[in-house]
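**Q** Chains as they are written, first to last, in my numbering: chain A, 475 to 902; chain B, -4 to 235. If you scroll down you'll find the structure; I have some questions about it.
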C-alpha cells in the first residue's frame, strides 16, 4: 500500500504542473470576466428603461397609455415638439435607445374602433445581448399597451361586458402529472425549469470524462516519451498497482479540473440565466410537489453512475495510452474516446434517447458513457430498471477493460505495442 | 564465489523472428559480467527478459535460486535495471526522484535516507540535485540514473550500455563508479557494443551475435584463445 501511495503522489505531482494550474486559472478568469460583463449588460437592460416619447395626440387615451408604461418601470422622456425628425434628433442627442411616437387622432381612433399605428424607433448602437433584451422587453410592453387600449375600446362600446371575458371566452387551467403526482402548472414551464436546472449535469459529465481520460493517456504517453516507463516497470511494485495509481491520479486530477472549469462555467452561465433561485419564484414548490427533486439516494445513484463511467473511460484511456508513442500521438488517440462521449452528450442535450429508433438506441446503450447521461431523468421518473441495467453494464465493461489493461501491462505489449497509422512496430 | 544469476537455453521469439536462440551463462557474486556484440545481437532483449520487462519464450532464468517465471516479484526486489535510453521525471528534482525510487525498496525514513545519501555520493551532482531533472544535461541524467540503480545495493545490477551517449570524461567517471561498486560485492550484468569498455570493466564476458553466445570467458582467456590483442579482434576472428 505504501508503494502504491508513493506512486500515486508522484503521479498527482506530475499531473498538477504549472501548465495545468495556469490553464485552469486562465479559463476561470475568462469565464468569470465574460459572465460578469454579460450580467452587467443584462442588468443594465433591465434597469435603464429610459425611452423617448413624442405624443402627438395629447389625449386621455395617450396619457393612459404612458401611465401604463410608467407602471411597468419605464422612465418616460417626453419631447415638446410636433416634428418627428426633431424628436429623433433629440433622442439621439440624449443617447436614448427607443423613441415611441403616438400619432395624433389616437383617441378618435379608439372611439371609432379604428386601428392606429404607433411608431417605435430603436437606436441600434451595438449587437450586445443587452440591446436585444431591451428590445424584447419593449415589445412585451407594447403588447400590454395594446391590451390596455383594446380594453378601453371595449369598455366604452360594451360597458356591461368584461373585456377580458369577451377577448378570451376560453381560459385554461394547466395541470402536470408526473407518475401519481399532480400539480397546477404548464408543462413547458416545468420542462424549461428542469432543463435550466440540469443543463450542467451533461456538461460536468462530459468534462470530467474527457479530462480524466486525457490525464491518464498523457501520463502513460509521457512515461514512454521521457523513457521512464521501463525503469518503473522493473521496480518492486505490481503492474496492476501501476495501472491503478495512474488511473486514480488521473481520475482525481481530472475531477478537480472539471469542477474548477464548471465553477467558471456556472459564473459564465449566470450571466445569461441570472440566479435561478431569484427567478424561479413559485415553480420550485411545484417541482417539489411533483417529486422532481433529487433526493440523497438519487444523488448517490448519480454519483455511482458517474464514477463507473469515469472508471470505464480511464480503463479505456489506459489501453489507448499504451498504444501511444509520445504525448502528441496520445492526443490523437484520445479522439475515438472523445467521440464515444460526445455522441451521448449531444443526444442528451438535443433529444430524448427513448424517441430514437431501436437500432440507434441499441447502439447508444452499448456506449457505456450514455448511461450516466440518462441517469438523472431515470431517477426522477423512477425508471429503476434502466438505472440498474446501466450500472451493471458499466461495471461489466469496466471489469473487462481493466483486466485487459492489467494484462497489457503484465506482458511485453506494454513496451512493444505502438500504433502508427497503417504500421505496427515491434521493438527488439 | 556463489552463483547469483543462472540463464539456461533462453529463447525469445517475436512472431516468426527468433531474437534469442538458446542463450546460457551465469553471473557470480561480486562479478562484473559483460555481454558484448554488435547492434541487434540480442543483448538488450536478454537484459530486458532478466529485468522482467519482456517474457521469455523458452528457457530458464534463476536469480538466487528463484525462477523468473514463478517469482518475477523476487527478481524486481533484488535487481536494479538501467536501460540504455532511460530518463527521469523531468518535473521532479534529482533528490525527489531518488527519494521516490528509494521508497519502492524500503519505506522506512531511515533506510530511504541511507539510500539517498549513497545515491548523492555516487551521482556527485552536489547542489544540482535540488534542481529539476528537466534542467540536467545528458551526462547528469545518466549519473543520476546510475546512482538510482546502485543506491539500493541490489544483488544484481543490470546495466544496458551504461555509458551510452556520454562524453569521454563522463564515461570514465561512470566506469569508475561501476568498478568501485563491484569491489563491494555487487554483481553486475552489463552490455555494450563498445568492446574495449567491456574489456576494461568485466571480469568475464560473453560474445553474442545474432541471438547466440559465441564465446564466454575472462577477457584475458579469450584474447589468449584467439591470439588477439583485444576483444574487438577476438570478436572479428570468431565471426569470420
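C-beta atoms are modelled at their ideal positions from N, C-alpha and C, and glycine is treated no differently. Only a predicted model underlies this, so the values are computations on that prediction, with no experimental measurement involved.
Between which two residues does the beta strand (DSSP E) carrying residue 235 of chain B extend?
**A** Counting from one through the second chain, the residue named residue 235 of chain B turns up at place 240. Unbroken run through residue 235 of chain B: none, as it is neither H nor E.
**Q** What first and last residue would you give for the alpha helix (DSSP H) that runs through residue 72 of chain B?
**A** On the second chain, residue 72 of chain B is found 77 positions in, with the first residue counted as 1. Taken as a continuous stretch (DSSP letters only), the alpha helix (DSSP H) holding residue 72 of chain B covers 67 to 73.
**Q** Comparing the C-beta of residue 113 of chain B with each C-beta of chain A, is any distance below 8 Å?
**A** Looking up residue 113 of chain B in the second chain gives position 118. No, residue 113 of chain B does not count as interfacial toward chain A.
**Q** What are the residues of the region 57 to 69 of chain B that lie near chain A, defined by any Cβ-Cβ distance shorter than 7 Å?
**A** Those residues of the region 57 to 69 of chain B that come within reach of chain A (Cβ to Cβ, closer than 7 Å) are 68.
**Q** Measure the C-alpha to C-alpha separation of residue 490 of chain A and residue 94 of chain B and round it to an integer number of angstroms.
**A** The count along the first chain starts at 1 and reaches residue 490 of chain A at position 16. The count along the second chain starts at 1 and reaches residue 94 of chain B at position 99. Their backbone Cα atoms lie some 19 Å apart in a straight line.
**Q** Among A:482, A:504 and A:494, whose alpha-carbon lies nearest the alpha-carbon of residue 742 of chain A?
**A** Taking the first chain and counting its residues from 1, the one referred to as residue 742 of chain A is at position 268. Closest option to residue 742 of chain A, Cα to Cα, is A:504.
**Q** Since I believe residue 38 of chain B is in contact with residue 203 of chain B (beta carbons under 8 Å), could you give me their beta-carbon distance rounded to a whole number of angstroms?
**A** The count along the second chain starts at 1 and reaches residue 203 of chain B at position 208. The count along the second chain starts at 1 and reaches residue 38 of chain B at position 43. Yes, they are in contact, since the Cβ atoms of residue 203 of chain B and residue 38 of chain B sit about 6 Å apart, within 8 Å.
**Q** Just the C-alpha distance for residue 750 of chain A and residue 597 of chain A, rounded to the nearest angstrom, thanks.
**A** Taking the first residue of the first chain as 1, we reach residue 750 of chain A at position 276. Taking the first residue of the first chain as 1, we reach residue 597 of chain A at position 123. For residue 750 of chain A, the predicted structure reports a pLDDT of 47, less than 50, and the residue's modelled location is therefore unreliable. The matter cannot be settled from this model.
**Q** Which stretch, first to last residue, makes up the beta strand (DSSP E) that contains residue 151 of chain B?
**A** The count along the second chain starts at 1 and reaches residue 151 of chain B at position 156. Start and end: 151 to 155.
**Q** Please work out which residues of its chain come closer than 7 Å, Cβ to Cβ, to residue 205 of chain B, disregarding the five sequence neighbours upstream and downstream, and give them in chain order.
**A** Here residue 205 of chain B corresponds to residue number 210 of the second chain, with the count starting at 1. Taken in chain order, the residues that qualify are 36.
**Q** Cα separation between residue 70 of chain B and residue 181 of chain B?
**A** Translated into the one-based positions of the second chain, residue 70 of chain B becomes position 75. Translated into the one-based positions of the second chain, residue 181 of chain B becomes position 186. Using only the alpha carbons, I get a separation of about 15 Å.
**Q** Which residue marks the beginning of the alpha helix (DSSP H) containing residue 571 of chain A, and which one marks its end?
**A** The sequence position of residue 571 of chain A within the first chain is 97, counting from 1. Where residue 571 of chain A is concerned, there is no enclosing alpha helix (DSSP H), given that its DSSP letter is neither H nor E.
**Q** Quick one, which of A:672, A:819, A:622 and A:557 has its alpha-carbon nearest residue 766 of chain A's?
**A** Here residue 766 of chain A refers to the residue found at position 292 of the first chain. Per the Cα distances, A:672.
**Q** Should residue 752 of chain A go down as buried or exposed, given a rule of 16 or more other Cβ atoms within 10 Å for buried?
**A** As a first step, residue 752 of chain A is located in the first chain; it is residue number 278 there, counting from the start. Residue confidence for residue 752 of chain A is low, a pLDDT of 49 falling below 50, so the modelled location carries little weight; the figure read from the coordinates is stated next. Its Cβ having fewer than 16 others within 10 Å, residue 752 of chain A is exposed.
**Q** What are the boundary residues of the alpha helix (DSSP H) that residue 91 of chain B is part of?
**A** What you label residue 91 of chain B is simply residue 96 of the second chain in a count that begins at 1. 89 to 97 is the extent of the alpha helix (DSSP H) around residue 91 of chain B.
**Q** Cα-Cα, which of A:601, A:641, A:764 and A:701 is closest to residue 239 of chain B?
**A** Absent from the model: residue 239 of chain B. The displayed extent of chain B is -4 to 235, so no value can be given.
**Q** Counting only the same chain and skipping the five closest in sequence on each side, list residues whose C-beta sits under 6 Å from that of residue 201 of chain B.
**A** What you label residue 201 of chain B is simply residue 206 of the second chain in a count that begins at 1. Hits under 6 Å: 20, 30, 208 and 211.
**Q** Closest Cβ-Cβ distance between residue 82 of chain B and chain A: below 8 Å?
**A** Counting from one through the second chain, the residue named residue 82 of chain B turns up at place 87. It does: the Cβ of residue 82 of chain B has a partner Cβ on chain A nearer than 8 Å.
**Q** Report the neighbours of residue 88 of chain B on chain A: residues whose CB is nearer than 8 Å to its CB, in chain order.
**A** The residue labelled residue 88 of chain B in the question sits at position 93 within the second chain. The premise fails here: residue 88 of chain B is roughly 11 Å from chain A at the closest Cβ pair, so nothing lies under 8 Å.
**Q** With a CB to CB cut of under 6 Å and the five nearest residues on each side skipped, what residues in its chain are close to residue 123 of chain B?
**A** Taking the second chain and counting its residues from 1, the one referred to as residue 123 of chain B is at position 128. Excluding sequence neighbours, residue 123 of chain B sits near nothing in its chain.
**Q** Which residue comes first and which comes last in the beta strand (DSSP E) that contains residue 205 of chain B?
**A** By 1-based counting over the second chain, the position of residue 205 of chain B is 210. No beta strand (DSSP E) holds residue 205 of chain B; DSSP gives it neither H nor E.
**Q** Would the region 53 to 63 of chain B and the region 228 to 235 of chain B be scored as touching if the rule is three or more Cβ pairs under 8 Å?
**A** Contact fails: fewer than three Cβ-Cβ distances are below 8 Å.
**Q** What residues from chain B crowd round residue 484 of chain A, counting only those whose CB sits closer than 8 Å?
**A** The residue labelled residue 484 of chain A in the question sits at position 10 within the first chain. Near residue 484 of chain A (Cβ distances below 8 Å), the residues of chain B are 84, 87 and 95.
**Q** If residue 154 of chain B and residue 173 of chain B are in contact, beta carbons under 8 Å, what's the gap, nearest whole angstrom?
**A** The residue given as residue 154 of chain B occupies position 159 in the second chain. The residue given as residue 173 of chain B occupies position 178 in the second chain. Right, their Cβ atoms sit about 7 Å apart.
**Q** Taking residue 549 of chain A as part of the beta strand (DSSP E), name the residues at either end of that continuous run.
**A** By 1-based counting over the first chain, the position of residue 549 of chain A is 75. First-last of the beta strand (DSSP E) with residue 549 of chain A: 549 to 552.
**Q** Going by the beta-carbon positions, is the gap between residue 816 of chain A and residue 732 of chain A smaller than 8 Å?
**A** Looking up residue 816 of chain A in the first chain gives position 342. Looking up residue 732 of chain A in the first chain gives position 258. Result no, Cβ atoms of residue 816 of chain A and residue 732 of chain A do not sit closer than 8 Å.
**Q** At which residues does the alpha helix (DSSP H) containing residue 858 of chain A begin and terminate?
**A** For the purposes of this step, residue 858 of chain A is identified with residue 384 of the first chain, where counting begins at 1. Where residue 858 of chain A is concerned, the enclosing alpha helix (DSSP H) stretches over 858 to 884.
**Q** Hey, would you say residue 869 of chain A sits closer than 8 Å to residue 782 of chain A, going by beta carbons?
**A** If you number the first chain from 1, residue 869 of chain A lands on position 395. If you number the first chain from 1, residue 782 of chain A lands on position 308. The answer is yes: Cβ separation under 8 Å.
**Q** Per DSSP, which one or two residues make a beta bridge with residue 187 of chain B?
**A** Along the second chain, one-based indexing puts residue 187 of chain B at 192. DSSP lists B:31 as partners of residue 187 of chain B.
**Q** Exposed or buried, residue 636 of chain A, counting other C-beta atoms within 10 Å across all chains shown (16 or more means buried)?
**A** For the purposes of this step, residue 636 of chain A is identified with residue 162 of the first chain, where counting begins at 1. With fewer than 16 other Cβ atoms within 10 Å, it is exposed.
**Q** By a C-beta neighbour count over all protein chains shown, 10 Å radius and 16 as the cutoff for buried, is residue 91 of chain B buried or exposed?
**A** On the second chain, residue 91 of chain B is found 96 positions in, with the first residue counted as 1. Flag for residue 91 of chain B reads buried.
**Q** Look at the alpha carbon of residue 896 of chain A and the alpha carbon of residue 857 of chain A, and state the distance between them as a whole number of angstroms.
**A** Here residue 896 of chain A corresponds to residue number 422 of the first chain, with the count starting at 1. Here residue 857 of chain A corresponds to residue number 383 of the first chain, with the count starting at 1. Here the model assigns residue 896 of chain A a pLDDT of 49, short of 50, so the residue's position is not dependable and the matter cannot be decided.
**Q** Quick one: grab the DSSP three-state call for residue 199 of chain B.
**A** What you label residue 199 of chain B is simply residue 204 of the second chain in a count that begins at 1. Strand, per DSSP.
**Q** Could you tell me whether any non-hydrogen atom of the ligand GTP is closer than 7 Å to the CB of residue 176 of chain B?
**A** Within the structure as shown, the ligand GTP is missing, as the structure has no ligands at all.
**Q** Taking only runs that begin and end inside the region 791 to 838 of chain A, name each unbroken alpha helix (DSSP H) of 4 or more residues, in chain order.
**A** Listed in chain order, they are 801 to 824.
**Q** My understanding is that residue 686 of chain A touches residue 808 of chain A, with C-beta atoms under 8 Å, so please give their C-beta distance in whole angstroms.
**A** As a first step, residue 686 of chain A must be located in the first chain, where it is residue number 212. As a first step, residue 808 of chain A must be located in the first chain, where it is residue number 334. Actually they are not in contact, since the Cβ atoms of residue 686 of chain A and residue 808 of chain A sit about 11 Å apart, beyond 8 Å.
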